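Trainee: Protein sequence lines correspond, in order, to chains A and B.
Sequential numbering from 0 applies to the first sequence in numbering that gives the first Met the number 0.
Sequential numbering from 0 applies to the second sequence in numbering that gives the first Met the number 0.
Here a beta-carbon is modelled for each residue, glycine too, at the ideal position from N, C-alpha and C.
In this text the structure is predicted, and so the values were computed from the model without any measurement.
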Amino acid sequence: MSVPEELQYTKTHEWVRREGDVATIGITEHAQDELGDVVFVELPEVGSGLGAGDSFGVVESVKAVSDLYTPVGGEVTEVNEALNDGPELINSDPYGEGWIVRLRVSDEGELLSAADYEKVLEEED
Amino acid sequence: MVTPEQAPRRTPLYEEHRKLGARLVDFAGWEMPVQYSGIKDEHLAVRNRAGLFDVSHMGEVVFRGPEAEEALQRLVTRDVGRLAAGQAGYAAVCYPDGGTVDDVLVYRREEDFLVVVNAANRDKDFRHFKENAEGFDAEVTDESDEWALLALQGPEAVGILQGLADTDLSGVRYYRFVEGEAAGARGILSRTGYTGEDGFEVFVRPGDAPVLWRQLVEAGAVPVGLGARDTLRLEAGMCLYGNELDRETTPLEAGIGFAVHLDKEPGFIGQEALLRQKEEGLPRKLAAFEVAGRGIARHGHPVTVDGAPAGHVTSGTQSPTLGKAIGLALVPPEIEDTFKVVIRDRPVEARVVPLPFYKRERR
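1) For the pair the stretch 56 to 70 of chain A and the stretch 114 to 123 of chain A, tell me if three or more CB-CB distances fall below 8 Å.
2) Give me the Cα-Cα distance between Leu239 of chain B and Val21 of chain A, rounded to the nearest whole angstrom.
3) Does any C-beta atom of chain B lie closer than 9 Å to the C-beta of Ser44 of chain A?
4) Against Glu59 of chain A, what residues of chain B qualify as contacts under a CB-to-CB distance less than 9 Å, listed in chain order?
5) Pairing CB atoms from the stretch 226 to 238 of chain B with CB atoms from the stretch 160 to 177 of chain B, are three or more of them under 8 Å?
6) So what does Trp146 of chain B bridge to, in DSSP terms?
7) At 9 Å on the CB atoms, spell out the chain B contacts of Phe39 of chain A, in chain order.
8) First and last residue of the alpha helix (DSSP H) that includes Arg126 of chain B?
9) Identify the contact partners of Gln152 of chain B in chain A, using a Cβ-Cβ distance below 9 Å as the criterion.
10) With H, G and I counted as helix, E and B as strand and the rest as coil, what does DSSP make of Gly162 of chain B?
11) Quick one: measure Cβ to Cβ for Tyr35 of chain B and Pro222 of chain B, integer angstroms, because I've assumed they're closer than 8 Å.
12) Below 8 Å between beta carbons is the criterion; list the residues of the stretch 9 to 39 of chain A that meet it against any residue of chain B, in chain order.
13) For the stretch 9 to 70 of chain B, which segments carrying the alpha helix (DSSP H) assignment without a break, of at least 4 residues, lie completely within its bounds, in sequence order?
14) State the CB to CB distance for the pair Ala291 of chain B and Glu348 of chain B, rounded to an integer number of angstroms; the pair is presumed to be in contact (CB under 8 Å).
15) So if I threshold CB-CB distances at 7 Å, which residues from the stretch 212 to 230 of chain B count as touching chain A?
16) Using three-state DSSP, classify Thr230 of chain B as helix, strand or coil.
17) Can you give me the Cβ contacts of Arg48 of chain B inside the same chain, cut-off strictly under 6 Å, excluding the 5 residues immediately before and after it?
18) Apply the 10 Å Cβ neighbour rule to Gln5 of chain B and answer buried if 16 or more other Cβ atoms are within range, or exposed otherwise.
19) What are the uninterrupted segments assigned as beta strand (DSSP E) that are 3 or more residues long and contained completely in the stretch 78 to 125 of chain B, given in chain order?
20) Just the chain B side, please: which residues come within less than 7 Å of Val78 of chain A by C-beta, in chain order?
21) Taking only beta-carbon atoms, is Val64 of chain A less than 9 Å away from chain B?
22) Where does Tyr173 of chain B sit, in a helix, a strand or coil, going by DSSP?
23) List, in chain order, every chain A residue whose beta-carbon is nearer than 7 Å to that of Lys39 of chain B.
24) Ordered along the chain, which non-local residues of its own chain (more than five positions away) have a Cβ less than 8 Å from that of Arg73 of chain B?
25) Name the DSSP bridge partner or partners of Ser60 of chain A?
26) Residues in the same chain with beta-carbon distance under 7 Å from Arg121 of chain B, minus the five sequence neighbours each way, listed in chain order, please.
27) Distance cutoff 9 Å, beta carbons only. Does Arg343 of chain B sit that close to anything in chain A?
28) Going along the chain, which unbroken runs of the beta strand (DSSP E) with 3 or more residues stay wholly within the stretch 65 to 89 of chain A?
29) Beta carbon of Leu281 of chain B, beta carbon of Pro32 of chain B: below 9 Å?
30) Select from B:Arg190, B:Arg283, B:Glu69 the residue whose C-alpha is nearest the C-alpha of Ser169 of chain B.
31) 9 Å is my cut-off, CB to CB: does Val33 of chain B come that close to chain A?
32) Mind the definition here: the stretch 4 to 12 of chain A touches the stretch 96 to 111 of chain A only if three or more C-beta pairs lie below 8 Å; say whether that holds.
33) In terms of DSSP beta bridges, what is Ala184 of chain B paired with?
34) Which term fits Glu80 of chain A, buried or exposed, when burial requires 16 or more other beta carbons within 10 angstroms of its beta carbon?
35) Can you confirm whether His56 of chain B, when its beta carbon is compared against all beta carbons of chain A, has any partner nearer than 9 Å?
36) Assuming Pro209 of chain B contacts Pro11 of chain B under a Cβ cut-off of 8 Å, what Cβ separation, rounded to an integer in Å, is found between them?
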């Protein structure tokens, strides 16, 4: 499973890409693999405020429903509308086209490095 | 269900599933493949080509003896007296109050009856059968461990199985079965299934199952897990015990009245309650729906009408064939067009549609 070095992670299998005070969030390759074919994504509203640790949406595969949690707090500035018609982007490109939301970060949360996240994955196996 | 903590049971095909890289999950105390390549892929393989399922976890109970038929007549809702030898019939098993013990397939053989029961209900059913067959000169035996069960389903299924079988399968009509050999394994070849496609279910001895499985896969059958089994049966509008049917739900409410012969004599357990329910009018009915708004309805989601509670979703999923969110719900009988499904606190419009969601083209 790919765990890009430049990203940060959560124990609940989200990834975060930081560019200044903007955080882009998605789910990891491991998470999409566990879920299987993603068929629906529920996105938050642009402009809504989220606290670190809040649930901000849902990813559903044919069989499973999984809540999404943001490790950082802030205002939602953008959501990936392409997921409405193409939820499978989360399977095909979890770290790229399959990104889910962007936040303007006002509340830093606890994040794992790529190396620490890999340890989480090892423990799960 | 009261299952003591114990190691999950494995079917004779467990090693095959491992080798194929299946994702294994606990299902009713069995370690079963939920998917191999992915639910969507597997689902579409069954619709377009041929899929192979291991359903060896299902139970088989045999009724033998001079009054085997009478005992079974008492136990199931279908008139099994009308089944010819070599014919199978779908039936419900009811409690005296009409609630459902299980839904089963009854196979009438020359000398006896084979009843296929749901894996999760195996022990409960066997106890229920034994208790209620006591007054009859019939022997009831749990032969579940003596059978492996493979289901081969899809437009190419019959052709693939024919290539390995020693008998002509073209003459075996829907819900008929023959005894024969496939891949050198002697067993029962039954033109039944749980997917809405043509195909066979094949009962063989556990030791013969791996060779048959491997030969079917080599001949082009795609292994399919329980995940796609559920989406396939839902598209075909078939009930799943624990979802549409349970202790609190009668077969009439769940829409399987076609398997209930209310005029049967002598009667079956639950007959009076079901007759009464039919006379008084069903308090609820099973409705098929498509989600008109955004979201996927799931088992247990509440149904509302004009904001008031009106039932619940019994099964729901994203249909891989139709590309829409579909489901079944137990709702008041007067509902005809629309209702709301509450998906994560959000009421979403659902439109009632005819069953089945998917019907294969006859070719």
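Mentor: Taking the geometry as given:
1) Contact fails between the stretch 56 to 70 of chain A and the stretch 114 to 123 of chain A, because fewer than three Cβ pairs, one in each stretch, are under 8 Å apart.
2) Taking the first residue of the second sequence as 1, we reach residue 239 of chain B at position 240. Taking the first residue of the first sequence as 1, we reach residue 21 of chain A at position 22. Distance between the alpha carbons of Leu239 of chain B and Val21 of chain A: 47 Å.
3) Looking up residue 44 of chain A in the first sequence gives position 45. Looking at the sequence provided, one finds Glu at residue 44 of chain A rather than Ser. No, no contact with chain B.
4) On the first sequence, position 60 is the one that residue 59 of chain A refers to. The contact set of Glu59 of chain A on chain B, defined by CB atoms closer than 9 Å, consists of Gly294, Ile295, Arg297, Gln317 in chain order.
5) The stretch 226 to 238 of chain B, when compared against the stretch 160 to 177 of chain B, does not touch it at the 8 Å Cβ threshold.
6) Taking the first residue of the second sequence as 1, we reach residue 146 of chain B at position 147. Paired residue(s): none; Trp146 of chain B is not in a bridge.
7) On the first sequence, position 40 is the one that residue 39 of chain A refers to. By Cβ distance, chain B contributes Arg293, Gly294, Ile295, Gln317, Ala324.
8) Translated into the one-based positions of the second sequence, residue 126 of chain B becomes position 127. Unbroken alpha helix (DSSP H) run through Arg126 of chain B: 121 to 131.
9) On the second sequence, residue 152 of chain B is found 153 positions in, with the first residue counted as 1. Residues of chain A with a Cβ closer than 9 Å to the Cβ of Gln152 of chain B do not exist, since the nearest Cβ in that chain sits about 18 Å away.
10) By one-based count along the second sequence, residue 162 of chain B stands at place 163. Of the three classes helix, strand and coil, the one that applies to Gly162 of chain B here is coil, per DSSP.
11) The residue labelled residue 35 of chain B in the question sits at position 36 within the second sequence. The residue labelled residue 222 of chain B in the question sits at position 223 within the second sequence. That belief holds up - the Cβ atoms of Tyr35 of chain B and Pro222 of chain B are roughly 5 Å apart, short of 8 Å.
12) Answer set for the stretch 9 to 39 of chain A: Gly35, Asp36, Val38, Phe39.
13) Segments of the alpha helix (DSSP H) lying fully in the stretch 9 to 70 of chain B: 13 to 18, 38 to 47.
14) In the second sequence, counting from the first residue as 1, residue 291 of chain B sits at position 292. In the second sequence, counting from the first residue as 1, residue 348 of chain B sits at position 349. The pair is a contact, with the Cβ atoms about 4 Å apart (cut-off 8 Å).
15) Within the stretch 212 to 230 of chain B, the qualifying residues are Gly226, Thr230.
16) Position 231 of the second sequence holds residue 230 of chain B. Correct three-state label for Thr230 of chain B: helix.
17) Residue mapping note: residue 48 of chain B aligns to position 49 of the second sequence, counting from 1. Around Arg48 of chain B: Gly153, Glu155.
18) Here residue 5 of chain B corresponds to residue number 6 of the second sequence, with the count starting at 1. By the neighbour-count rule (16 or more Cβ atoms within 10 Å), Gln5 of chain B is not buried but exposed.
19) Runs of the beta strand (DSSP E) inside the stretch 78 to 125 of chain B: 86 to 93, 99 to 107, 112 to 116.
20) On the first sequence, position 79 is the one that residue 78 of chain A refers to. Within chain B, no C-beta atom comes less than 7 Å from the C-beta of Val78 of chain A; the nearest is roughly 13 Å away.
21) Reading the first sequence from its first residue, position 65 is the one you call residue 64 of chain A. Output row for Val64 of chain A: interface = yes.
22) In the second sequence, the residue the question calls residue 173 of chain B occupies position 174. Reduced to three states, the DSSP call for Tyr173 of chain B is coil.
23) Within the second sequence, the letter at position 40 stands for residue 39 of chain B. The answer, in chain order, is Asp36, Val61.
24) Residue 73 of chain B sits at position 74 when you count from the first residue of the second sequence. Around Arg73 of chain B: Asn131, Ala132, Phe135, Pro265, Gly266, Phe267, Ile268.
25) As a position in the first sequence, residue 60 of chain A is number 61, starting the count at 1. Per DSSP, the beta-bridge partners of Ser60 of chain A are A:Val37.
26) What you label residue 121 of chain B is simply residue 122 of the second sequence in a count that begins at 1. Cβ neighbours of Arg121 of chain B within its own chain (closer than 7 Å, five residues either side excluded): Gly58, Ser143.
27) If you number the second sequence from 1, residue 343 of chain B lands on position 344. Taking Cβ atoms only, chain A reaches closer than 9 Å to Arg343 of chain B, which makes this a yes.
28) Those beta strand (DSSP E) runs which fall completely within the stretch 65 to 89 of chain A and span 3+ residues are 72 to 78.
29) Counted from its first residue, the second sequence places residue 281 of chain B at position 282. Counted from its first residue, the second sequence places residue 32 of chain B at position 33. Not a contact, by the Cβ cut-off of 9 Å.
30) Position 170 of the second sequence, counting from 1, holds the residue named residue 169 of chain B. Restricting attention to B:Arg190, B:Arg283, B:Glu69, the CA atom closest to the CA of Ser169 of chain B is found in B:Arg190.
31) Residue mapping note: residue 33 of chain B aligns to position 34 of the second sequence, counting from 1. Taking 9 Å as the threshold, the shortest C-beta distance from Val33 of chain B to chain A falls below it.
32) Note that the stretch 4 to 12 of chain A touches the stretch 96 to 111 of chain A; at least 3 beta-carbon pairs, one per stretch, sit closer than 8 Å.
33) For the purposes of this step, residue 184 of chain B is identified with residue 185 of the second sequence, where counting begins at 1. In the DSSP secondary-structure assignment, Ala184 of chain B is bridged to B:Ala181.
34) Indexing the first sequence from 1 puts residue 80 of chain A at position 81. Around the beta carbon of Glu80 of chain A, fewer than 16 other beta carbons sit within 10 angstroms, so the residue counts as exposed.
35) By one-based count along the second sequence, residue 56 of chain B stands at place 57. Chain A contact via Cβ: absent.
36) What you label residue 209 of chain B is simply residue 210 of the second sequence in a count that begins at 1. What you label residue 11 of chain B is simply residue 12 of the second sequence in a count that begins at 1. Confirmed, about 6 Å.
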